[in-house]
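Participant: Just dropping this structure here.
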Amino acid sequence: MFNKLFLSVILLTLGTFSHAQGADETKRMSDATKQIVLGAGCFWGVEKRFEAMDGVLNAEAGYADGRGFKPTYKNIIANKRRFDENNYAEVVRVTYNANAISAEQLLQYYFEQHDPTQVNRQGNDRGTQYRSIILTTSDEQYETAQRVKEQYQVLLTNAGYGTIATAIKPLEKFYLAETYHQDYLQKNPNGYCPDHSTGVRFANSDLDTVDNEALKTGKHIVVLDARDYCPYCEKFKKEVLNGYQGTIPVHLRYASQLDGLHISSQTFATPTVLFLENGKEVAGYQGYMEPTLFYQALGAFKLGDSEAYRVAFNKGTDGRFCKEYEIFKNTPDGVFVDKLSGAPLFDTRDRFNSGTGWLSFTKPVANQVTRHADNSYGMQRVEIRSASSGIHLGHVFDKEGPGGKPRYCINATVLEFVARDDFNESRQENNKG
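Next up, the structure:
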């Protein structure tokens, strides 16, 4: 967690000074290293957000501002402590370089990342251990905290919020939390980051000004993103969104940017994936969604109770010479793509008429399908699935194609066709990003 690069640069720099100069520089750097202890609900997300902040050297989860018993996680979350005023708070000790970031900046960030008007809770986390609290290590910090609190109260009042409940006290003692709580979100990548922020900001910005008019017509996917670093959001973007090229548009929004939309899910978790039709939520999923789960949900949303859904997720088979086959068997030059992810699967240049009543190809687009053993119905076959979405596509039969090539027997209902020029143009646009 400690910024080793920062420390090594300091040591390397000190080696270039004379003894007297080195002593002065060491004192200056030592004077610049400050600490403050902050509580804003569950310490997992607070720790991660501060640790990702420029100028912060270290962030550690722990307990403070309690008395009368040993501060352990088991003890502070016990039912008898839930409303105990002597309970310890879940806090984070932030070590920072005051030459790179000021206490005022840290405290502005602190207030913006949670709802300080809530008493002994943040969202669904309820209890005295989740109280909003600032524990200072100097008179200067204490005065800064009071000033920033007063400034934020004005902003909150103007936005319709109540009175800030954040306590500000000098730090008495900090107790480091158990090892498994340190870097918790990094150790547990499948979940969500709680986001209880009000959306009220210190700096004047248009972050919350967004036009949702286009989302009120047709089908859309909205992903609730975090204002600050959230490992689950980044994982979802990397493993799902970065490869998504489907026809249903995806929109990233903060929880405070949903004006004009009818949302029934709670919006404190990031990521949260919302499926909307004509501006109204049809389904919502809180937390990280692995690709398989995302595409199954998308399949239900886009395909509904259809033959395409049964083929894609229940390993069904199109009827011979079905409607989609008749449409796709003689298309112009182009590419067949996954009906959900939009990933390219087969090229018309590899298509041939097998006479079977199913689309047939000699090969797939490179690296876009996977092969799986299929021993159903007393047969030994090789199933073909989409590498991006995992949906069932069909089967491959060796040496049944022209010239002894393989025959990829593919269901037309799970494909969409894109003309060559349109496909190339779309790929160029995606590459610009």
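Using the working numbering, the first residue of the sequence shown is number -13, and each one after it goes up by one. Quick reminder that beta carbons are idealized off the backbone N, C-alpha and C, glycines included. None of the values given here were measured: they were computed from a predicted structure.
Roughly how far, in whole angstroms, is the beta-carbon of PHE338 from the beta-carbon of PRO388, given that I think they are within contact range, below 8 Å?
Facilitator: Yes, they are in contact, since the Cβ atoms of PHE338 and PRO388 sit about 6 Å apart, within 8 Å.
Participant: Check each candidate in VAL297, ALA286, ARG133, ILE62 and name the one with the smallest Cα separation from LEU93.
Facilitator: The residue with the shortest Cα to Cα distance from LEU93 is ARG133.
Participant: Would you kindly work out how many angstroms separate the C-alpha atoms of TYR59 and LEU260, rounded to a whole number?
Facilitator: If I take the Cα positions, the gap works out to 34 Å.
Participant: Decide if PHE69 is buried, meaning its Cβ has at least 16 other Cβ atoms within 10 Å, or exposed.
Facilitator: PHE69 should be labelled exposed.
Participant: Tell me whether the beta-carbon of GLN104 lies closer than 8 Å to the beta-carbon of ALA151.
Facilitator: The answer is yes: Cβ separation under 8 Å.
Participant: Can you give me the C-alpha to C-alpha distance between PHE409 and ALA294, rounded to a whole angstrom?
Facilitator: C-alpha separation (whole angstroms): 23 Å.
Participant: Which residues bound the alpha helix (DSSP H) around GLN139?
Facilitator: That run of the alpha helix (DSSP H) goes 125 to 144.
Participant: Rounded to the nearest angstrom, what separates ALA241 and THR253 at their Cα positions?
Facilitator: Distance between the alpha carbons of ALA241 and THR253: 6 Å.
Participant: Helix or strand or just coil, what does DSSP make of TYR116?
Facilitator: Helix at TYR116.
Participant: In whole angstroms, what separates the C-alpha of VAL355 from that of THR81?
Facilitator: Between VAL355 and THR81, the C-alpha separation is close to 48 Å.
Participant: Quick one: give me the first and last residue of the beta strand (DSSP E) that ILE22 is part of.
Facilitator: From DSSP, the beta strand (DSSP E) with ILE22 extends over 19 to 26.
Participant: For SER346, which three-state DSSP category applies?
Facilitator: Residue state, collapsed to three classes: strand.
Participant: Give me, in chain order, the residues of the same chain whose beta-carbon lies closer than 6 Å to that of GLY41; leave out the 5 immediate sequence neighbours on both sides.
Facilitator: If we look at GLY41 and ignore the five residues flanking it on each side, its Cβ neighbours are TYR82, ASN83, ALA86, ILE87.
Participant: Does the distance from the CB of PRO257 to the CB of ASP211 come in under 8 Å?
Facilitator: Yes; because the gap between Cβ atoms is below 8 Å, this pair is in contact.
Participant: In terms of residues, what are the limits of the beta strand (DSSP E) holding VAL400?
Facilitator: Careful: VAL400 lies outside any beta strand (DSSP E) and carries neither H nor E.
Participant: The beta strand (DSSP E) spanning GLY285 covers which residue range?
Facilitator: No beta strand (DSSP E) contains GLY285, which is instead part of the alpha helix (DSSP H) from 277 to 289.
Participant: Counting pairs of Cβ atoms below 8 Å between the segment 294 to 311 and the segment 265 to 275, do you hit three or more?
Facilitator: No, the segment 294 to 311 is not in contact with the segment 265 to 275.
Participant: Looking only at DSSP bridge pairs, what is VAL156 linked to?
Facilitator: Looking at the sequence provided, one finds Pro at residue 156 rather than Val. Note: PRO156 sits in a beta bridge opposite THR122.
Participant: Inspect the beta-carbon positions of GLU76 and GLY109 and report whether they are closer than 8 Å.
Facilitator: No, these two residues do not count as a Cβ contact at 8 Å.
Participant: For the alpha helix (DSSP H) holding ARG296, just list the boundary residues, first then last.
Facilitator: Note, ARG296: alpha helix (DSSP H), 293 to 300.
Participant: Looking at the ligand NAD, does it come within less than 7 Å of PHE307, judged from the CB to the closest heavy atom?
Facilitator: This structure simply doesn't include the ligand NAD, nor any ligand for that matter.
Participant: Should GLU126 go down as buried or exposed, given a rule of 16 or more other Cβ atoms within 10 Å for buried?
Facilitator: GLU126 should be labelled exposed.
Participant: Under 8 Å by Cβ, that's how I've got LEU439 and GLY232 pegged, so tell me the actual separation to the nearest angstrom.
Facilitator: Absent from the model: residue 439. The displayed extent of the chain is -13 to 419, so no value can be given.
Participant: Straight-line CA distance for ALA33 to ASP169?
Facilitator: The sequence given here places Glu at residue 33; Ala does not occur at that position. Between GLU33 and ASP169, the C-alpha separation is close to 7 Å.
Participant: Count the other CB atoms within 10 Å of the CB of ASN397; is the residue buried (16 or more) or exposed (fewer)?
Facilitator: It is buried - the Cβ of ASN397 has at least 16 other Cβ atoms within 10 Å.
Participant: Between which two residues does the beta strand (DSSP E) carrying TYR49 extend?
Facilitator: Note, TYR49: beta strand (DSSP E), 42 to 50.
Participant: Which word fits PRO156, buried or exposed, when buried means at least 16 other C-beta atoms lie within 10 angstroms of its C-beta?
Facilitator: With fewer than 16 Cβ atoms within 10 Å of its Cβ, PRO156 is classed as exposed.
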